[in-house]
Structures are given as structure tokens and as C-alpha cells.
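Visitor:
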């Protein structure tokens, strides 16, 4: 039974076209269903819009829609999908109605199924056809669809603007530019491949002459010449093939270095929001695909081109001997190609399943290893192991399925090519028996057929591998094509020295608004206005979730404001060079992080020429010098991942020392002493007070004792500045700050 519509007369939103504009046109040609895979669980909405665009003949990719939808950890909203669709030339409106009514509307439409977006392409009285970004094109029973459908849909109608909107260029088309420095090597490899092909074409001709002139006609005087020629050609063939393989390997290695470097550079330049909506395993799995793509784009692709070219020449030579022999071989190869393409879809699906399973396993392992202390404290090792083993079994099952499907594809080639070779040789033998060909020509034709079909197996194997690399390309494109939207721009102002200096710390915030994710996300900051004088210390105070850390992130230029402006020294941050401005700002956030390396490496991290004396002075200011000298090798002591082996307070003091080492003119401290005991905190706070003298400081702390010494206190609540002034003045007002202070005194 169909789900009853929520509204008997569903209507489009007031700012959208009337619902009648989305009624199906009985005379319109139905669109062809297209499926596009989602890269991550949060990409389903963007992938659905890409499917609809492709169904209407426009190659607008998932990456384009993802940048418009602004996917968050909570996924995408129907409202944000509508806005993204309108941005690319669709009329779009969200509705809630029954399936029977939806059938009367223009399809395809995006529908919401249990917190997952899919595309509805067709619907009749018994079945519906959907494009599920996580699975594929699925024909399911109407009742099953109704059981999972939320009743909401996004109706879409293409406008002329859709057909003028720029199409997404496949990222791998840009990779060819990375081979520019390998042009000479590739030309040499091409020359070696051409010579190898020429030598291989000469062998059947020499074989024919050997049989016809020496064996059958008894011209023994030519035996030594022909055998010598065959040996020489064979040696030349081996030499040319060896040179070709070496040159292609050299080009592959060179390309791999350039490609990997560019990929890492691109990944590190992405905004923090990119990583905020992706799990660590998702990102790691993309990095692991680089080698596969590198191999494909150089050695395998170039070898495949040579193989394909050799097949064409072999078939042409076979046709020279006898046209019908070339025809038999060509028809057989065409049938093999058709079968391989038909089977490749299943192989591609298996590759995608393996990738998803591998990513899930990586996420699970990273999650459990990060929480290993919690796992042990809960005595949950067995449960954690079961979870990992469950993910691992899923990956093994997916890999076995992939092996079986690749074996099937390989078996088709392995079984077909000997049959085709036998057919050509048998037909050539028949022609020789009737006198249409000489014995030598028949043997040469058989040899040519064998040489023609030999690369076919390699091409089929490469085609199978290409299905997996195609999945990898999609994952890599997720990084390559993601919009940068840099918070700061490069090269806008002259650079200063390596350290920031202690002057130039005036900050001004004008009508600052910020939200994480899409336009539908709640506001984290609402119209914040703030001025901080050069050398002033300002404390940000408020309840949890009031926007303190968000404001600190924006003042550290880690995010770009949604609206409003931040100015430093009366210049908008957009007029500053990124490196110069970040040298002026030192930041210590709540989530402190230490890198693999020595203590000195961590304090001086990011500096090309570390200064040991400056590092020791910074450590003294952060009250870290004493415990560092107690370590086995002092400042040369290597640290484990994340500073493992150090206490939380010790890690925090090292991060404070790292900030002090840079000698910034603006210091931002977000709960920088939260892991310290009262005695240690007092020592660190005193060191911070001395260090910040003459510098602009923004201090965030839940412990109000930390902010009493601030020149001014700014109180935030629900993303707004509700109070500001000196500590004593705010206490006298009896507002939110006074209540927070009283609550902490009572606790």
C-alpha cells in the first residue's frame, strides 16, 4: 500500500517555480539512466545531482556539486541540494508527496531514502528504477521503495543555463602536462618500441623464406644467411625491448615523483573543511592509490599503446598474405573486445567494493589505535579485535570476489586467443593444401596470428586493472578538483624575516559571521565586532559552544569568514601575504599535536634554520626547559607519534614553547594550559605574561583565574559579543560574566 502524502496539494516554495512547471511532458524523450559512484558516504547528494546532469547530457562532476552543496559531517540537506542544482542551470524545488503523484512529475528526481539520497529514474505500478550512488542502478519492487522512501523529493527541470554551464574536466586529462619533462625519454621509448615492432614483423617473413626457399626448394646456400638474419633480428628484438622497458620505467619513476609531489602539495593546500568531513582512513586510502595511477599513466599505458599498434600492424600484414585471414582474425578480436567490455562492468564494481572495504578497515584500525588507552581501560580488546576482524573479513570477501571476476575476464582472453590462432592457422593450412598459399606462407600466417594475439592477453589484463584504476582516479579527483578557496592569498606583501617580530599586532574584526558547512548550517558567529590594540591582552570568555574557539580559528586565519572582515594593522587580511601574516601569529589550540622527531625539531617545526639557543629560551618561557633536560637525551630526545610518552601537561608546554619560538606579534592561546595542574599553570601563566608583554594576545580559558590579568574581557554567547570590559567592571555589572565567575567560585 502506498504511503499517504503528507499534503494533498503539495506546492513549490514561494521563491521557486509553480509545481505545474515540473509536470512530465508525455511527448518528451525519456532520459537514459546514468550511474555515478559516490566517493564517500557524505557525497551521495552531490553524486545524485551529477547523475541527473549526466542524464541530461552535461558532464558536471561530483566535485563541482560537492563544492556547491558544502557537505558537512552531517551530510547535505535537501535545501542545499536545491541551491546547488539552481547554480548549475536547473529549476529545482523540494516537495513532499506520494509516489503516484511523483510519477506524474518530470523524472529523474532526487529522493531521500533513510538518510541517503538516490535518483529516481523510472516508476511503474510494480517496480522503480533508482540510481544509488553507493550501489549502482537498482530495479526494486515498488513496495520495497515505499518502505524506505521518506516521501520527499527534489524535482529538477533543465533550463538553457544548464547547457552553457562549464562541464567538469576529468582531472587525469591534466596529468599529461606532468610528463613534459620526460618528452625526450618518451620519444626514445617510442623509437625503441617502433624498432622492436619492426623486428618482430620481420621474423614471420624470414620464417616463410626459410620454409619456401630452403626446406621446400632445397636452396641450401641461403640457409646460413636466413638463420643468421633470424638470429640477428632476434637479438635486435631483445635489445630494443630491453631499452624500451628501461626507458618506460625511467619515465614512470620521473612521473611518479612529480605526480606524488603535486598531489601532496594539493592535499596540504586544501581547506580544513575538506578534512573535517572525511575520516582519516578515507584520506589515507587516496594516498595509497598514487602508485597505481603512476604505473598506469606511464609504463602500462605506453606499453598498451605499443601493443595495440602492433596488433594493427600484424593484422595488416596478415591481410597482405590473404584478406580472408585478416578478416577472420579481426572479427575474432572484435568479439573478444565486446566480451571484455561486457565483463568489465562487474570487475569495476568489484574494484569499488574492495576500495570501500579497505577504507572501512583503515578507518576502523586508525580509530581503535588512536583510542587504544580507552580500549584497554574498558577491557574491550576482544570487542575491538572483533570489529577489526569483521572489517577484514569483509575486505577479504571483496578481494576474493574481485579475483574471481578478474579470472573470468582473463579466462575469456586465455581461452579465446588460442582458438583464434588455431582458426587462422587452420584456414591458412587449408589454403596451402589447395595451392592458394605456399607452406612457408601458411606457417608465416600462423606465426603472425600468434604474434597478433599475444598482446591481446596483456591488453585484457590491463583492461581489468584499468577498472580499478578508474575507481582510484575518482578518489584522487576528489582531492585534485576540490576547490582551494584559500583563506589568505600568496605574494601580496613583502616578506619579513624568518621570525615574526614583536610589533604590528593591531587586530580589527568587523561584522564577522561564520558557519561551518553549507548555507543551511547554524551560525557559529553572528555579527562579531572587536578591536584589539597593539600590545593589548584580550580574554575571550563564554559557555561551551559560545563561539570562542571558532573566533580564535578565524583570527588565526585557519578559516575564511562567511561574511565580514578581519583587518591586521589597518589592512584587510586579503591584502597580506599568507606566509608573512602567519609569521606574525602564534597559535596554541586545545588539540595540541607533536610530530615525530626530536624535542628540538618540534619546538622549531617549520623553520628552515633552527636556532637551538632561541628554542631553549622559548622552552624556559613555557616552563618546559626543566622537564626537557630530564629526558634521556634532552632536546635531542626523539618523540613518538603525537608525543607519546609525555604527559598532557608536558605536551602542552612544548606546544607553547613552539609558539614562543616563532616570536609572533600576535599570540592566540585557546585553553593553552587546560592540561596543567594549578602549580604548573601558575608558572606557565607567569612565563606567558612576560612573553606577551608588548605583544597582542587573545586568551581563551574556562578557568577564569587565567583571564583576570587580561586588559579586557570579551564575553560571547551563542556566537555574539554580549559583554566586554575590564574584569572588575564586568563583575560590577552582574551580567553573564559575573554569573560565570560566581559559578566557578562555587565549584
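Numbering (this note's numbering), first residue to last: 29 to 775. Glycine is no exception: its CB is placed at the ideal position from the N, C-alpha and C atoms.
#1: For residue 178, write down the residues that DSSP places opposite it in a beta bridge.
#2: For a test of the three-state rule: what should DSSP assign to residue 401, helix, strand or coil?
#3: Express the C-alpha separation of residue 87 and residue 351 in angstroms, rounding to a whole number.
#4: Expressed to the nearest angstrom, what Euclidean distance is found between the alpha-carbon atoms of residue 498 and residue 49?
#5: Does the separation of the CB atoms of residue 697 and residue 728 fall below 8 Å?
#6: From what residue to what residue does the beta strand (DSSP E) around residue 137 run?
#7: Helix, strand or coil for residue 121? Go by DSSP, reduced to three states.
#8: Closest to residue 314 by C-alpha separation, out of 85, 503, 630, 428, would be which residue?
#9: Under three-state DSSP, which class holds residue 763?
#10: Answer with buried or exposed for residue 433, where buried requires no fewer than 16 other C-beta atoms within 10 angstroms of its C-beta.
#11: Per DSSP, what kind of secondary structure is residue 600 in: helix, strand or coil?
#12: For residue 106, report the span of its beta strand (DSSP E) as first-last.
#13: Can we say the stretch 214-232 touches the stretch 137-147, given the rule of at least three CB pairs closer than 8 Å?
#14: Examine the Cβ distances between the stretch 465-472 and the stretch 223-235 and report whether three or more of them are shorter than 8 Å.
#15: Mapping DSSP to helix, strand and coil, what is residue 529?
#16: Taking only three categories from DSSP, how would you classify residue 696?
#17: Where does the unbroken alpha helix (DSSP H) through residue 260 begin, and where does it stop?
#18: Looking at residue 615 and residue 584, is the spacing between their C-beta atoms short of 8 Å?
#19: Looking at the secondary structure, which residues open and close the alpha helix (DSSP H) in which residue 97 lies?
#20: Would residue 534 be called buried (16 or more neighbouring beta carbons within 10 Å of its own) or exposed?
#21: Exposed or buried, what is residue 292 when buried is set at 16 or more other beta-carbons lying within 10 Å of its beta-carbon?
#22: Need the endpoints of the beta strand (DSSP E) that residue 64 sits in, please.
#23: If we count the other Cβ atoms within 10 Å of its Cβ and call it buried at 16 or more, is residue 660 buried or exposed?
#24: If I follow the unbroken alpha helix (DSSP H) through residue 543, where does it start and stop?
#25: Would you check if the distance between the CB atom of residue 484 and the CB atom of residue 353 is smaller than 8 Å?
#26: Take residue 481 as the anchor and find which of 226, 708, 343, 113 has the nearest alpha-carbon.
#27: Among the candidates 572, 429, 420, 174, whose CA atom is the shortest distance from the CA of residue 128?
#28: Beta-carbon within less than 6 Å of residue 568's beta-carbon, same chain only, minus the 5 sequence neighbours each way: which residues are those?
#29: For residue 591 and residue 182, what's the separation of their Cα atoms in angstroms?
#30: Starting from the Cα of residue 17, find the closest Cα among 259, 265, 606, 237 and give me that residue.
#31: Pick from 638, 179, 715: whose alpha carbon is nearest that of residue 653?
#32: Hey, would you say residue 437 sits closer than 8 Å to residue 368, going by beta carbons?
#33: Over the uninterrupted alpha helix (DSSP H) stretch that includes residue 130, give me the two end residues.
#34: CB residue 640 to CB residue 628, shorter than 8 Å?
#35: Residue 316 to residue 165, Cα distance in whole Å?
#36: Between which residues of its own chain and residue 336 is the CB-CB distance below 8 Å, once the five residues before and five after are set aside?
Guide: To lay it out plainly:
#1: Looking at the DSSP assignment, residue 178 forms no beta bridge with any residue, so it has no partner.
#2: Correct three-state label for residue 401: helix.
#3: 42 Å
#4: Near 38 Å, if we compare the C-alpha coordinates of residue 49 and residue 498.
#5: With respect to residue 728, residue 697 sits close: the two C-beta atoms are nearer than 8 Å.
#6: 137-141 is the span of the beta strand (DSSP E), which, as asked, contains residue 137.
#7: The answer is strand: DSSP assigns residue 121 an E or B state.
#8: 503
#9: Reduced to three states, the DSSP call for residue 763 is coil.
#10: So residue 433 counts as buried.
#11: strand
#12: Run containing residue 106: none in the beta strand (DSSP E); it sits in the alpha helix (DSSP H), 106-115.
#13: no
#14: Contact check between the stretch 465-472 and the stretch 223-235: three or more CB pairs, one atom from each, fall below 8 Å, which counts as touching.
#15: Annotation note: pLDDT 47 at residue 529 (below 50); position unreliable, coordinate value reported separately. In this structure, residue 529 counts as coil in the three-state DSSP scheme.
#16: strand
#17: 251-297
#18: Yes. Within cutoff.
#19: 90-97
#20: buried
#21: Residue 292 is exposed by the Cβ-count criterion.
#22: Taken as a continuous stretch (DSSP letters only), residue 64 belongs to no beta strand (DSSP E), as it is neither H nor E.
#23: Under this definition residue 660 is an exposed residue.
#24: Unbroken run through residue 543 is the beta strand (DSSP E), 535-543; no alpha helix (DSSP H).
#25: no
#26: It is 343 whose Cα lies nearest to the Cα of residue 481.
#27: Of the candidates 572, 429, 420, 174, the one whose C-alpha sits nearest the C-alpha of residue 128 is 174.
#28: 576, 728, 742
#29: One C-alpha to the other measures close to 29 Å.
#30: Limits of the chain in this structure are 29 at one end and 775 at the other, which puts residue 17 out of reach.
#31: 715
#32: yes
#33: Bounds of the alpha helix (DSSP H) holding residue 130 are 127-130.
#34: yes
#35: 28 Å
#36: 483, 487
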